[in-house]
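One structure is given below, encoded as structure tokens.
Number of protein chains: 2
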Amino acid sequence: MFRTEVAYQSRSGTVIPLAPHLQPSLACVFERQPIEIFEPGQPIFWQSDPAKHVFEIVEGLVRVFKILSDGRRVITGFLYAGDLIGISLMDRYLYGSEAVAKTRVRRFSRQSFQQKMDQSPEFRPSLFARLSDEMAAAQEQMVLLATKTAEERVCTFLVLTARRDREAFVMSRLDLPMTRQDIADYLGLTIETVSRTFSSLASRGAITPEGRHQYRIKIEKLMTLAGEVAAFHDGSDMHDGVNARQFASA
Amino acid sequence: MFRTEVAYQSRSGTVIPLAPHLQPSLACVFERQPIEIFEPGQPIFWQSDPAKHVFEIVEGLVRVFKILSDGRRVITGFLYAGDLIGISLMDRYLYGSEAVAKTRVRRFSRQSFQQKMDQSPEFRPSLFARLSDEMAAAQEQMVLLATKTAEERVCTFLVLTARRDREAFVMSRLDLPMTRQDIADYLGLTIETVSRTFSSLASRGAITPEGRHQYRIKIEKLMTLAGEVAAFHDGSDMHDGVNARQFASA
DNA sequence: CGCGCCGTTGAGCATTGTCAAATGCGGTGG
DNA sequence: CCACCGCATTTGACAATGCTCAACGGCGCG
Chain A
1 MFRTEVAYQS RSGTVIPLAP HLQPSLACVF ERQPIEIFEP GQPIFWQSDP AKHVFEIVEG
61 LVRVFKILSD GRRVITGFLY AGDLIGISLM DRYLYGSEAV AKTRVRRFSR QSFQQKMDQS
121 PEFRPSLFAR LSDEMAAAQE QMVLLATKTA EERVCTFLVL TARRDREAFV MSRLDLPMTR
181 QDIADYLGLT IETVSRTFSS LASRGAITPE GRHQYRIKIE KLMTLAGEVA AFHDGSDMHD
241 GVNARQFASA
Chain B
1001 MFRTEVAYQS RSGTVIPLAP HLQPSLACVF ERQPIEIFEP GQPIFWQSDP AKHVFEIVEG
1061 LVRVFKILSD GRRVITGFLY AGDLIGISLM DRYLYGSEAV AKTRVRRFSR QSFQQKMDQS
1121 PEFRPSLFAR LSDEMAAAQE QMVLLATKTA EERVCTFLVL TARRDREAFV MSRLDLPMTR
1181 QDIADYLGLT IETVSRTFSS LASRGAITPE GRHQYRIKIE KLMTLAGEVA AFHDGSDMHD
1241 GVNARQFASA
């Protein structure tokens, strides 16, 4: 009953694994909230701030990250239009979040959000589905970090990022608004290794730079180079790949 | 409800950061289910099986893992008494699970479980809390895999494992029922590196072998060697247990 | 008592990190 | 419009951590 129609449609509704987000049901919780704008680099909230709000990204790109005591940063995910930030339901944010590109969000008090979830059963399925997707994405990221080489990581990243963007997926034209440092912190690599890998991919024609943050990509080539996906029982691969919103976090 | 007490005291400890899990409310969902026993190595379910059941671990130790197409294995977590398996609410399990030690579990059909969650608001807070804890753990694991050295990983593992077990935490006596291969697959290392790291730790007196799967540990030394914990503001590194509780009564 | 499995240890090597310097994109001001 | 400047990015040389391959050790079980 949690796992309802809505959740299922989030998967199968769109043919291309574009954006299973934007469940109408959850989106309309935020519908009447005013839109706030965050400029590139602007924080939305900080790690261990009291978790007062839940945010819906209307448009833009957000990075979600943890800062370690030695100053290093780990990006646990990039969030796109339709994603929610801060649903983890802890009393403090376990991570910080900043706009990467100009981002428009709607804000909802967490208290009201929880109330809404409690009182309106029709919203719960998609909330749970979202948490599940997020968990699946986290596990995929663990697999990436635990087993993949630098090149596989970068290619995986490019493929999954391309999937978030219809233009990228269909037109082979990929925008990467985030910096190299962002990518490095996300993939558990150094900026130099990321850079070298991009160069190497370019030299082999898997990607072609068209400006600093735009590339023409050969998606099949990248998919091959991305290496292993979870195995077991034929259908499962597709299943995982299609369902898991690889970048969701929060 | 009192079954809860039993479970708390049975083996895995009690007051210490032991289990934010085992919220009495959730435990009693499983209360009347018969106990099933899984012997070491025995699978509970396989990756991409239809997710028909939710399990509560009454006693024992379970590994949860993904198998990659090249045969490698990534262990995404170890689960202890009081933990739940299979709450991810996808229609298929995204991972396999096997008993590491002799394990007793209670099984609940996922359908009934979801029904229960839907109909009984009093259970929802602790379910949410649990999902949040799981997410927090996943993010910590990402941090570990993205930034830590072999030694830091092993020490982190030892400290966190010790925290699950009162005897280990208080008496400095730690049981590690899992194999080196399990540990390696969990920490994103090879079995050789894990072994070497154990030897090195032993030679420096941070741990003292007392049999193949038992060690006497110096927890403070290990905590130091474990390196970075998330920074920023107060003592946010205790997040796992602390935050979940707020929902216990919501 | 011996076999097999799990774990340990060793040597060499590869990938990736570190440190340092050069390059060039993109924005700004003349 | 062009030149310049700052900063992200790239590239290079080198070091090191952890992996691979290989052999050995020892505990447990038949």
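As you go down the protein sequences, you meet chains A and B in turn.
For the first sequence, the positions run 1 to 250 when our numbering is used.
For the second sequence, the positions run 1001 to 1250 when our numbering is used.
Even for Gly, the Cβ is constructed at its ideal location relative to N, Cα and C.
Handout entry: C-beta neighbour in chain A for K1102 (chain B), strict 8 Å
Key = The residue you call residue 1102 (chain B) lines up with position 102 of the second sequence. So, not an interface residue.
Handout entry: Cβ shell of M1206 (chain B) (< 8 Å), same chain only, five flanking positions each side left out
Key = Taking the second sequence and counting its residues from 1, the one referred to as residue 1206 (chain B) is at position 206. What sits at residue 1206 (chain B) in the sequence shown is Ala, not Met. Excluding sequence neighbours, A1206 (chain B) sits near C1155, I1217, K1218, K1221, L1222, L1225.
Handout entry: Buried versus exposed call for E31 (chain A) [16 or more other C-beta atoms within 10 Å across all chains shown]
Key = By one-based count along the first sequence, residue 31 (chain A) stands at place 31. By the neighbour-count rule (16 or more Cβ atoms within 10 Å), E31 (chain A) is not buried but exposed.
Practice task
Note down, in chain order, each residue of its chain lying with its Cβ closer than 8 Å to the Cβ of Q1141 (chain B), except the 5 sequence neighbours on either side.
Solution key: In the second sequence, counting from the first residue as 1, residue 1141 (chain B) sits at position 141. Once the five neighbours on either side are set aside, the close Cβ partners of Q1141 (chain B) are T1076, G1077.
Exercise for the section: Ignore the nearest five residues each way along the sequence and tell me which others in Q1214 (chain B)'s own chain have a CB closer than 8 Å to its CB. Expected result: Stepping through the second sequence from its first residue, residue 1214 (chain B) is reached at position 214. If we look at Q1214 (chain B) and ignore the five residues flanking it on each side, its Cβ neighbours are R1173, L1174, D1175, L1176.
Exercise for the section: For T103 (chain A), write down the residues that DSSP places opposite it in a beta bridge. Expected result: Residue 103 (chain A) sits at position 103 when you count from the first residue of the first sequence. Paired residues: A:F38.
Handout entry: Where the beta strand (DSSP E) through T1076 (chain B) begins and ends
Key = Within the second sequence, numbered from 1, the residue matching residue 1076 (chain B) stands at position 76. Segment 1073 to 1080, the beta strand (DSSP E) holding T1076 (chain B).
Handout entry: Distance between P1209 (chain B) and V1159 (chain B) (C-alpha atoms, nearest Å)
Key = Within the second sequence, residue 1159 (chain B) is the residue found at index 159, counting from 1. Within the second sequence, residue 1209 (chain B) is the residue found at index 209, counting from 1. About 16 Å.
Handout entry: Reduced DSSP category for Q23 (chain A) - H, G, I as helix; E, B as strand; rest coil
Key = In the first sequence, residue 23 (chain A) corresponds to position 23, counting from 1. Residue placement at Q23 (chain A) cannot be trusted, given a pLDDT of 49 that sits under 50; what the coordinates show is reported in the next sentence. Correct three-state label for Q23 (chain A): coil.
Handout entry: Same chain, Cβ closer than 6 Å to G1188 (chain B), neighbours up to 5 away in sequence not counted
Key = Counted from its first residue, the second sequence places residue 1188 (chain B) at position 188. Excluding sequence neighbours, G1188 (chain B) sits near L1145.
Exercise for the section: List the residues of chain A whose Cβ lies closer than 9 Å to the Cβ of E1210 (chain B), in chain order. Expected result: Start at 1 with the first residue of the second sequence, and residue 1210 (chain B) comes out as number 210. Within chain A, no residue comes near E1210 (chain B); the closest Cβ sits about 30 Å away, beyond 9 Å.
Handout entry: Contact between the region 55 to 72 of chain A and the region 112 to 128 of chain A (3+ Cβ pairs under 8 Å)
Key = no
Handout entry: Euclidean distance between Cα positions of I1085 (chain B) and K52 (chain A)
Key = Numbered from 1 along the second sequence, position 85 holds the residue referred to as residue 1085 (chain B). Numbered from 1 along the first sequence, position 52 holds the residue referred to as residue 52 (chain A). Rounded to whole angstroms, I1085 (chain B) to K52 (chain A) spans 30 Å at the Cα level.
Exercise for the section: Report yes or no: do the region 1090 to 1101 of chain B and the region 1128 to 1142 of chain B share at least 3 C-beta pairs separated by less than 8 Å? Expected result: no
Handout entry: Segments of 3+ residues assigned as beta strand (DSSP E) that fall wholly inside the region 138 to 175 of chain A
Key = 173 to 175
Handout entry: Chain-ordered neighbours of P121 (chain A) on chain B, where CB pairs are closer than 8 Å
Key = In the first sequence, counting from the first residue as 1, residue 121 (chain A) sits at position 121. Correct list: D1118.
Problem - Those residues which DSSP pairs with R216 (chain A) across a bridge - result: The residue you call residue 216 (chain A) lines up with position 216 of the first sequence. Paired residues: A:R173, A:T208.
Practice task
Would you kindly report the start and end of the unbroken alpha helix (DSSP H) that includes L187 (chain A)?
Solution key: Reading the first sequence from its first residue, position 187 is the one you call residue 187 (chain A). Its alpha helix (DSSP H) spans residues 180 to 187.
Exercise for the section: Could you check if D1212 (chain B) is buried or exposed, using at least 16 other CB atoms within 10 Å of its CB as the buried criterion? Expected result: Indexing the second sequence from 1 puts residue 1212 (chain B) at position 212. The displayed chain sequence assigns Arg, not Asp, to residue 1212 (chain B). Exposed is the label assigned to R1212 (chain B), since fewer than 16 other Cβ atoms lie within 10 Å of its Cβ.
Handout entry: Rounded C-alpha distance that separates S1195 (chain B) from R1180 (chain B)
Key = Along the second sequence, read from residue 1 onward, the residue named residue 1195 (chain B) stands at position 195. Along the second sequence, read from residue 1 onward, the residue named residue 1180 (chain B) stands at position 180. Those two C-alpha atoms are separated by around 7 Å.
Problem - Alpha-carbon to alpha-carbon, V1054 (chain B) and T1103 (chain B) - result: As a position in the second sequence, residue 1103 (chain B) is number 103, starting the count at 1. As a position in the second sequence, residue 1054 (chain B) is number 54, starting the count at 1. T1103 (chain B) and V1054 (chain B): Cα-Cα distance of roughly 15 Å.
Handout entry: Own chain, CB closer than 8 Å to A168 (chain A), minus 5 neighbours either side, in chain order
Key = For the purposes of this step, residue 168 (chain A) is taken as residue 168 along the first sequence, with counting starting at 1. Hits under 8 Å: T161, A162, L174, D175, I217.
Handout entry: Close Cβ partners of R1107 (chain B) (< 7 Å) along its chain, the five nearest in sequence each way excluded
Key = Residue mapping note: residue 1107 (chain B) aligns to position 107 of the second sequence, counting from 1. Q1033, E1036, H1053, F1055.
Handout entry: Same chain only: Cβ atoms within 8 Å of T147 (chain A), ignoring 5 sequence neighbours per side
Key = Position 147 of the first sequence, counted from the start, is the residue given in the question as residue 147 (chain A). Around T147 (chain A): E228.
Exercise for the section: Examine chain A for any beta-carbon lying closer than 8 Å to the beta-carbon of V1194 (chain B), and answer yes or no. Expected result: Within the second sequence, numbered from 1, the residue matching residue 1194 (chain B) stands at position 194. No - not a single Cβ of chain A is within 8 Å of the one on V1194 (chain B).
Practice task
Just the chain A side, please: which residues come within less than 7 Å of D1070 (chain B) by C-beta, in chain order?
Solution key: Looking up residue 1070 (chain B) in the second sequence gives position 70. Within 7 Å Cβ-Cβ: E228.
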